[in-house]
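Sequential numbering from 0 applies to the sequence shown in numbering that gives the first Met the number 0. Working notes, structure below.
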Amino acid sequence: MLNVLALRVDHTRVVDIMRKAGHLRLVKPYMVAVQSNNVSAVNEALNEIYVEEEDYDRLRESIDLHDNFDQIGLAQKIEKHELLEMRRVAAYIYKKAGRWKQSIALSKKDNHYKDAMETASQSGERELAEELLVYFIEQGKKECFASCLFVCYDLLRADVVLELAWIHNMIDFAFPYLLQFIREYTGKVDELIKDKIEAQKEVKAKEQEEKEVIAQQNMYAQLLPLALPAPPMPGMGGGFAPPPPPMGGMGMPP
């Protein structure tokens, strides 16, 4: 009946009524059918049922596809669950919510070291990655120490890694990381040198091109005829103009 009326009923109200009546499980198929609407009451009711049924696969799928629920509240509820996989889901929820430290702490507690490394890497926080590295050293987890160097490669500082490995006699486990770092660092330096040399070549080529342009201009100027003086204006020929004729009268002969 509810499935038929799914488009007309208030999903939150239905969940509240069935929860108060103690028959929440009876409407599980209906809630699964309408969960795509991402209604908080439906999501939380289904997550609650999955926890009670210890169905951690469905629970993880639910929280991945439908995020409208009290994430921290659910994580706190199941972080001490007797089932290991449920506690792992709690760490996963903390990671999705950006609670990196809580997620890593829970993963370390349950020996889910790979999860802890991935969380530290995704956090982007150098401090968390280096703290996890120190934790593996303190616990004598040499293989985990070596794995963490690569999972958190972009966050770790080579000088810190070298110092920790030297002090705790774990150079052999850090050696592959150090080789990779040196190879990458050398490659970057080579690229910088190459770019600098190419830039210098471009500058020299441009200077040479400018010199050639100037030389061609000078050669062209030398081939031009010499400039001659401008011709005189009419009535202003060269030499002196003839004197005017004498005027008659004034006792002068005609």
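For each residue, glycine too, the CB sits at the ideal point set by N, CA and C.
Where residue i sits in the DSSP three-state scheme
{"i": "K140", "result": "coil"}
{"i": "D15", "result": "helix"}
{"i": "R98", "result": "coil"}
{"i": "F68", "result": "coil"}
{"i": "H80", "result": "coil"}
{"i": "G21", "result": "coil"}
{"i": "Y206", "result": "Checking the sequence, you will find Glu at residue 206 rather than Tyr. If DSSP states are grouped into helix, strand and coil, E206 belongs with the helices."}
{"i": "V38", "result": "coil"}
{"i": "C151", "result": "coil"}
{"i": "E124", "result": "coil"}
{"i": "E117", "result": "helix"}
{"i": "D194", "result": "helix"}
{"i": "E52", "result": "coil"}
{"i": "N2", "result": "Note that N2 has pLDDT 49, beneath the 50 cutoff, so the model's placement of it is unreliable and the number below is only indicative. It is coil, neither helix nor strand."}
{"i": "N46", "result": "helix"}
{"i": "H10", "result": "helix"}
{"i": "R182", "result": "helix"}
Same chain, Cβ closer than 6 Å to residue i, five either side skipped, listed in chain order
{"i": "A145", "result": "F172"}
{"i": "M17", "result": "L23, V26"}
{"i": "M85", "result": "Y55, I77"}
{"i": "R59", "result": "V88"}
{"i": "K205", "result": "none"}
Cβ-based neighbour list, residue i, same chain, cut-off 7 Å, excluding 5 preceding and 5 following
{"i": "F68", "result": "S39, N42, E43, N46"}
{"i": "V159", "result": "E129"}
{"i": "Y134", "result": "K107"}
{"i": "F180", "result": "A157"}
{"i": "N217", "result": "none"}
Nearest to residue i (by Cα), restricted to the options the options
{"i": "I77", "options": "L64, I48, G97", "result": "I48"}
{"i": "W99", "options": "L178, A74, M85", "result": "A74"}
{"i": "E117", "options": "Y134, V150, C143", "result": "V150"}
{"i": "Y64", "options": "E53, T185, E81, V31", "result": "Reading off the sequence, residue 64 comes out as Leu, not Tyr. Here the closest residue by C-alpha is V31."}
{"i": "K140", "options": "A119, G123, H167", "result": "H167"}
{"i": "Y152", "options": "G123, Y93, T185", "result": "G123"}
{"i": "I92", "options": "E183, H80, G72", "result": "G72"}
{"i": "K94", "options": "H80, K79, A119", "result": "A119"}
{"i": "M169", "options": "H80, Y184, L148, E183", "result": "L148"}
Beta-carbon contacts of residue i that lie in its chain and below 8 Å, excluding the five residues immediately before and after
{"i": "L83", "result": "D109"}
{"i": "R125", "result": "L154, L155, R156"}
{"i": "Q215", "result": "none"}
{"i": "S61", "result": "Q34, N42, L45, N46, Y49"}
{"i": "D15", "result": "A40"}
{"i": "D194", "result": "none"}
{"i": "A79", "result": "Note that residue 79 is Lys in the sequence shown, not Ala. Only R86 meet the Cβ criterion."}
{"i": "K19", "result": "none"}
Under 8 Å between C-beta atoms of residue i and residue j
{"i": "H10", "j": "N36", "result": "yes"}
{"i": "A90", "j": "D114", "result": "yes"}
{"i": "Q121", "j": "A96", "result": "no"}
{"i": "C143", "j": "Y176", "result": "no"}
Worksheet item: Does the stretch 159–167 come within contact of the stretch 187–206, defined as at least 3 CB pairs closer than 8 Å?
Response: no
Worksheet entry | Inter-stretch contact at 8 Å, needing at least 3 Cβ pairs: the stretch 121–139 / the stretch 100–111 | yes
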